[in-house]
Amino acid sequence: MTIASFYVPRDSRYRRLSAPTKLMIPLAVMTAAFLIGQPMLNLALVGLVAVLLWLAAIPRSVVRTFASVLRTLIPVITIGWTIFFRSGEVLLSIGPVDITSGGLYRAIATDLRFTAIVLAVPLILAAMPQQDLVAALRWLHLPYVICFIIALSLRTIPTLERDVTLIRDAQRSRGVELDRGGIRVRLRGLASVVLPLMTVSIGRLEVMSRVIESRGVTARRPCRTFYRRPRPSRLDWMLMLGSIAALLGIFAFSLTAAGRQLLS
Amino acid sequence: MNEPIPPGTEAIRLTDIRFRYRGAEELALDGVSLAVQQGELLGIVGPSGAGKSTLALVMSGQIPAFVEGAFGGETLLFGRTTRGWRSADLAEIVGMVYQDPEAQLYGLTVEEELVLGLENRCLPPEEIRERVAWALDVTRLHDVLEKSPYALSGGQKQRVVIAGVLALQPRILVLDEPTSALDPRGKSGLYELLTTLARSGVTVVIVEHDIERLARHADRVCWLEDGRVAAIGPPEEVLGRPAESAAGVLRMPQVAQLAHRLDLAAPYPITVERAAEVFGHRLRPGWVEGD
């Protein structure tokens with residue numbers, strides 16, 4: 248599965264929201280997860296993400312793919328915080344390493360924070376096609392060149408995948424060892440894939456840049472039009488403004504003494 | 460929409476074109492002069508390295524606008540020089556289709572592919588809709604509008620590229636070996652489309668190795684060798700007469716080569732239909748061994 252193939256068409260009320268709303272809600276959840284360092288509140292955010300995933304009818308297989316990232320991330324975070332952050336009561340001593348209550352608290356909070364962030368990503372990639380994502384970015388008045396670069400990056404993934412497969416197959420047929428052998432053999436095999444891939448990609452980029460130029464992408468025209476402009480409904484506006492208001496509220500609260508105590 | 464052009468107008472005029480790529484020692488084009496009429500379908504043929512793709516880049520204005528090198532001579536597209544123009548500006552006059560369709564796709568759906576150039580040209584959504592519908596109609600791509608172009612077959616991808624160029628409604632269409640990735644059916648479909656476009660007034664220039672198809676569809680053929688025009692004229696004149704070499708015979712369509720072997724008088728037939736007429740009277744009952 249690649250980024251290009253994460254989108255799964257389904258119908259649900261969440262899916263019928265406009266693209267900017269479907270972008271704004273997960274971004275608000277992710278930002279909130281960054282601002283909040285309290286485990287119970289982070290757990291509540293994870294719960295909110297789970298509800299959103301259900302509302303967006305994201306298939307379990309996609310959620311499992313993203314959850315697999317956490318399998319690597321959570322042990323690293325847990326070990327890092329418990330070993331290197333010392334605060335509060337010492338719960339356990341293993342040689343020179345003291346595991347403290349403060350370190351454990353931070354580890355749990357960060358684990359939950361990253362769980363919320365990682366599981367919110369399929370709400371963007373799997374709930375709307377890439378062109379909607381780019382349309383949402385354009386609607387949010389992100390500079391056109393940045394939106395185009397994002398679209399172009401997403402577009403090059405399937406092509407690169409195909410090129411890599413083709414070159415690997417071609418090199419295997421020439422007897423190049425790609426899957427077995429020691430590090431030296433594998434590195435040599437990797438070079439035999441990377442070098443032709445670079446040659447092919449550079450040649451293709453040259454043609455692509457000519458085509459893009461001829462389509463007027465680089466033309467300085469402030470009047471650039473929208474063919475399919477996202478049209479948020481009243482519900483969309485309420486959800487978007489609600490997300491922004493909630494974020495601003497959390498941010499403002501985090502600046503107060505009570506907020507610092509409760510959120511961190 | 461471009462203003463209508465009266466038939467017979469000169470679409471392309473090249474005068475003494477010389478071009479050397481940056482870092483190269485040899486000239487890729489060496490004194491090429493030719494003219495193409497509006498609505499004409501011109502085929503460019505020649506051996507590898509003859510300068511065909513470079514000539515296509517000159518005709519599309521990519522040289523000197525985009526490709527670096529030493530350029531001499533003058534290219535006029537509908538009387539307008541290509542010097543000093545950006546290729547984005549020239550796109551209103553000329554559209555270019557390259558060999559590899561994958562390198563020319565950037566949209567995440569077929570619709571996006573067709574729309575991007577039109578949005579950048581500041582057209583209102585209603586006109587974009589009309590142009591997209593027309594381009595889809597011409598290229599027969601209605602059923603794939605919402606699909607990712609990367610999931611399509613080679614022939615469909617090439618048609619998406621052509622539709623993207625056509626949506627911009629250029630007066631000149633230059634294609635550099637567009638059929639190399641296509642199966643015979645895809646090739647036939649593409650040539651039918653190009654012939655229809657030429658009949659509707661679009662000037663079509665196609666760089667091609669498949670001389671059999673050019674013999675059937677082109678109004679004129681330009682034979683390029685070592686960066687120079689070796690011959691230009693109607694297909695039967697250029698492809699139906701052998702040059703004074705074995706290579707000159709090999710450049711002919713197979714039916715013309717057969718006529719040459721049979722010691723018929725040149726110009727030889729270059730299409731199967733014409734060959735059937737010419738050879739027909741020679742075929743009599745009992746002529747084929749074993750009858």
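Order-wise, the sequence lines are chains A and B. The first sequence lines up with residues 248 to 511 when you count with the numbering used here. The second sequence lines up with residues 460 to 750 when you count with the numbering used here. Glycine included, every Cβ here is placed at the ideal spot set by N, Cα and C.
Where does residue i fall in DSSP's three states?
{"i": "P328/A", "result": "Inspection of the sequence shows that residue 328/A is occupied by Trp rather than by Pro. Three-state DSSP puts W328/A in a helix."}
{"i": "V666/B", "result": "strand"}
{"i": "I283/A", "result": "coil"}
{"i": "T468/B", "result": "coil"}
{"i": "T249/A", "result": "Residue placement at T249/A cannot be trusted, given a pLDDT of 46 that sits under 50; the coordinates are not used to answer."}
{"i": "M485/A", "result": "helix"}
{"i": "Y391/A", "result": "helix"}
{"i": "S461/A", "result": "helix"}
{"i": "R644/B", "result": "helix"}
{"i": "T534/B", "result": "strand"}
{"i": "D559/B", "result": "coil"}
{"i": "Y352/A", "result": "helix"}
{"i": "F473/A", "result": "coil"}
{"i": "G749/B", "result": "Bear in mind that the predicted position of G749/B carries a pLDDT of just 48, short of 50, making it too unreliable to give a figure here."}
{"i": "Y480/B", "result": "strand"}
{"i": "T446/A", "result": "helix"}
{"i": "Q628/B", "result": "coil"}
{"i": "D426/A", "result": "coil"}
{"i": "D635/B", "result": "strand"}
{"i": "W593/B", "result": "helix"}
{"i": "I691/B", "result": "strand"}
{"i": "N461/B", "result": "With a pLDDT of 48 at N461/B, under the threshold of 50, the modelled position of this residue cannot be trusted, and the question is left open."}
{"i": "A505/A", "result": "helix"}
{"i": "Q496/B", "result": "strand"}
Just confirm the distance between the C-beta atoms of residue i and residue j, as a whole number of angstroms; I'd bet it's less than 8 Å.
{"i": "V491/B", "j": "I476/B", "result": "4 Å"}
{"i": "M487/A", "j": "P267/A", "result": "7 Å"}
{"i": "A610/B", "j": "L573/B", "result": "That belief does not hold up - the Cβ atoms of A610/B and L573/B are roughly 16 Å apart, past 8 Å."}
{"i": "F313/A", "j": "L366/A", "result": "6 Å"}
{"i": "V569/B", "j": "V620/B", "result": "So it is not a contact: roughly 10 Å between Cβ atoms."}
{"i": "I413/A", "j": "L270/A", "result": "Per the sequence shown, the amino acid found at residue 413/A is Leu instead of Ile. Contact flag wrong, Cβ pair sits at about 34 Å."}
{"i": "R679/B", "j": "K646/B", "result": "Wrong, their Cβ atoms sit about 20 Å apart, outside the cutoff."}
{"i": "L488/B", "j": "T513/B", "result": "5 Å"}
{"i": "P637/B", "j": "Q558/B", "result": "7 Å"}
{"i": "V423/A", "j": "G436/A", "result": "5 Å"}
Output yes or no for whether 8 Å exceeds the beta carbon distance between residue i and residue j.
{"i": "P390/A", "j": "I305/A", "result": "no"}
{"i": "A550/B", "j": "D635/B", "result": "no"}
{"i": "A674/B", "j": "W682/B", "result": "no"}
{"i": "A374/A", "j": "A297/A", "result": "no"}
{"i": "T319/A", "j": "G335/A", "result": "no"}
{"i": "L577/B", "j": "L627/B", "result": "yes"}
{"i": "R360/A", "j": "F332/A", "result": "no"}
{"i": "G613/B", "j": "A640/B", "result": "yes"}
{"i": "T662/B", "j": "A470/B", "result": "yes"}
{"i": "A363/A", "j": "L292/A", "result": "yes"}
{"i": "I684/B", "j": "P523/B", "result": "The question names Ile, but residue 684/B is Glu in the sequence shown. In this structure, P523/B does not lie closer than 8 Å to E684/B by Cβ."}
In chain A, which residues lie with their C-beta within 8 Å of the C-beta of residue i?
{"i": "D559/B", "result": "R451 and V454"}
{"i": "L582/B", "result": "T472"}
{"i": "T568/B", "result": "P376 and Q378"}
{"i": "I587/B", "result": "T472 and Y474"}
Strictly below 9 Å CB to CB, what residues from chain A border residue i?
{"i": "F525/B", "result": "S456, R457, E460 and S461"}
{"i": "Q617/B", "result": "Simply none; closest approach about 13 Å."}
{"i": "G482/B", "result": "By Cβ distance, chain A contributes nothing, its closest Cβ being about 14 Å from G482/B, past 9 Å."}
Can you name the residues of chain B whose CB is closer than 9 Å to the CB of residue i?
{"i": "R415/A", "result": "In chain order: nothing, as chain B lies at least about 18 Å away."}
{"i": "V255/A", "result": "Within 9 Å Cβ-Cβ: nothing; V255/A doesn't reach chain B, min ~14 Å."}
{"i": "P286/A", "result": "Residues of chain B passing the Cβ test: none, with the nearest at roughly 39 Å."}
{"i": "V464/A", "result": "A547, Y565, L575, G576 and N579"}
{"i": "L399/A", "result": "Y565"}
{"i": "R263/A", "result": "Result: empty, since nearest Cβ-Cβ is about 17 Å, beyond 9 Å."}
Cβ closer than 7 Å: which chain A residues qualify as neighbours of residue i?
{"i": "E571/B", "result": "Q378"}
{"i": "V603/B", "result": "Within 7 Å Cβ-Cβ: nothing; V603/B doesn't reach chain A, min ~15 Å."}
{"i": "Q521/B", "result": "R457"}
Taking residue i as the reference, give the member of the options with the closest Cα.
{"i": "N579/B", "options": "T472/A, S501/A and G506/A", "result": "T472/A"}
{"i": "E533/B", "options": "V517/B, D548/B and R545/B", "result": "V517/B"}
{"i": "R457/A", "options": "K616/B, A562/B and K606/B", "result": "A562/B"}
{"i": "L494/A", "options": "P273/A, E453/A, S308/A and I355/A", "result": "P273/A"}
{"i": "S607/B", "options": "Y565/B, V661/B and M555/B", "result": "Y565/B"}
{"i": "I459/A", "options": "P376/A, I283/A, A291/A and I396/A", "result": "I396/A"}
{"i": "S511/A", "options": "L300/A, S461/A and G284/A", "result": "G284/A"}
{"i": "I631/B", "options": "V556/B, F525/B and R720/B", "result": "V556/B"}
{"i": "R260/A", "options": "G294/A, M287/A and D483/A", "result": "D483/A"}
Measuring only between beta-carbons, confirm whether residue i sits less than 8 Å from chain C.
{"i": "A562/B", "result": "Reference to chain C is not applicable here, since the protein chains of this structure are A and B."}
At a CB-CB cut-off below 7 Å, which residues of chain B make contact with residue i?
{"i": "P405/A", "result": "Y609"}
{"i": "R478/A", "result": "Ordered by position in chain B, no residue passes the 7 Å Cβ test against R478/A, which lies about 12 Å from the chain."}
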